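Here my numbering is used: position 23 in the sequence shown is 34, and no number is missing along the way. Take a look at the structure set out below.
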Amino acid sequence: MAKQPDQEDQPKELVESSGKIKRGQFYQSVIDNLKKRMPESDLVNMLKPLNKRFWPQDRNALILYGEKEIRALAKALGESASEAVQELRDWKLKMCTCTRQNAGETVHSK
């Protein structure tokens, strides 16, 4: 005679929780998990290229600025490093173009 499966053996139905996620608790959890994965100083250094205050004034220096850090951040988060670097390049270009336009410079596209 075959054994009847227990209720615990049955797949559980997924139901949406009626409770809302507490944002503060969620963000703190993300921060705590990131701190476990990497030392804080490394994380801060990896995020610096995303803050324009740290960007070099020289446009030639800005071209490659931050790529090493973004590669390391993407790798630590399990993301594609090449995609992350390309996104950084696109974002820097957009930010520089917006800044130049806001400063009254004429920007010509080729």
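Just so you know, even glycine gets a beta-carbon here, dropped at the ideal spot from N, CA and C. All values derive from a computational prediction rather than experimental measurement.
Quick test of your reading: residue i and residue j, contact by CB under 8 Å. State the CB separation rounded to the nearest angstrom.
{"i": "Lys59", "j": "Glu80", "result": "6 Å"}
Are the Cβ atoms of residue i and residue j separated by less than 8 Å?
{"i": "Arg82", "j": "Ala72", "result": "no"}
{"i": "Leu99", "j": "Glu78", "result": "yes"}
{"i": "Ala95", "j": "Arg48", "result": "no"}
{"i": "Met57", "j": "Leu75", "result": "no"}
Exercise for the section: Please go through the segment 56 to 101 and give each complete alpha helix (DSSP H) segment of 4 or more residues, from N-terminal end onward. Expected result: With a minimum length of 4 residues, the continuous alpha helix (DSSP H) runs that stay inside the segment 56 to 101 are 70 to 75 and 78 to 88.
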